[in-house]
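The C-terminal position of the sequence shown is numbered 255 in the working numbering, with every residue numbered one higher than the one before it.
Don't be surprised by glycine CBs; every beta carbon is placed ideally from N, CA and C.
No experiment lies behind these values; they were computed from the predicted model shown.
For reference, the structure discussed in these notes is given below.
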Amino acid sequence: MAWDEWEQIKAGAGDGRHVAMRLNQVPADPGTGAPSAVTGGLQSSKKAWTTAGEGVGSLRQTIGTALRKLEDGQTGTGPTTGCLSAAAQKDVYDSWKKYAESVSERCGALQGILNQVGRDLLTTDEGVQAEMNRLAATYADTDAVGGRAGGR
104 MAWDEWEQIK AGAGDGRHVA MRLNQVPADP GTGAPSAVTG GLQSSKKAWT
154 TAGEGVGSLR QTIGTALRKL EDGQTGTGPT TGCLSAAAQK DVYDSWKKYA
204 ESVSERCGAL QGILNQVGRD LLTTDEGVQA EMNRLAATYA DTDAVGGRAG
254 GR
């Protein structure tokens, strides 16, 4: 608001006439269908973020089912001593179980972030990026188990 506008408002405040105020803000959508020059057409809603969070959360259920089937597949396996293939199979099982559990945890953490952003639409892009970077650092992939991947 310019200084002269402020002076006009002050002068008119005591004489009983209607005082208008102009705020500098994002312009209202003129209904032309063209994207706003300020937002570049970017639109966001709590529903979109929540839906994305629910989608990622549903992956946890699928991973849980896969883990139960993986565990069921281990029934009947005996001791691994003296049998190299049984020991190798046990190592693979342990590795996949640990990885699937980690993916499930990652999905849960990502779901939490997406839901939080949906609640706090005013969160800055930098704040969201910091949360995503924290998630990536916490759940960084590990090297493969069982041999060398290089030189193949």
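>> Distance check for Gly156 and Gly215, CA to CA, integer angstroms please.
In response: 7 Å
>> Using a Cβ distance threshold of 8 Å, determine whether the segment 191 to 211 contacts the segment 159 to 172, with at least three qualifying pairs required.
In response: yes
> Taking C-beta to C-beta, are Ser205 and Arg163 nearer than 8 Å?
Replying inline: no
>> For a test of the three-state rule: what should DSSP assign to Thr168, helix, strand or coil?
In response: Three-state result, Thr168: helix.
>> For a test of the three-state rule: what should DSSP assign to Gln219, helix, strand or coil?
In response: helix
> Can you name, in chain order, every residue of its own chain whose Cβ lies under 6 Å from the Cβ of Ala212, other than the five neighbours on each side?
Replying inline: So the list reads Leu238, once near-sequence residues are dropped.
>> Let me check understanding here. Comparing Cα to Cα, which of Ala190, Val220, Ile166 lies closest to Gln177?
In response: Ala190
> Just curious, the alpha helix (DSSP H) that Gln146 is in, first and last residue?
Replying inline: First-last for Gln146: undefined, no H or E at that position.
> Expressed to the nearest angstrom, what Euclidean distance is found between the alpha-carbon atoms of Val231 and Val220?
Replying inline: 7 Å
> Using CA coordinates, which residue listed in Thr153, Cys210, Thr245, Ser148 is at the minimum distance from Thr165?
Replying inline: Cys210
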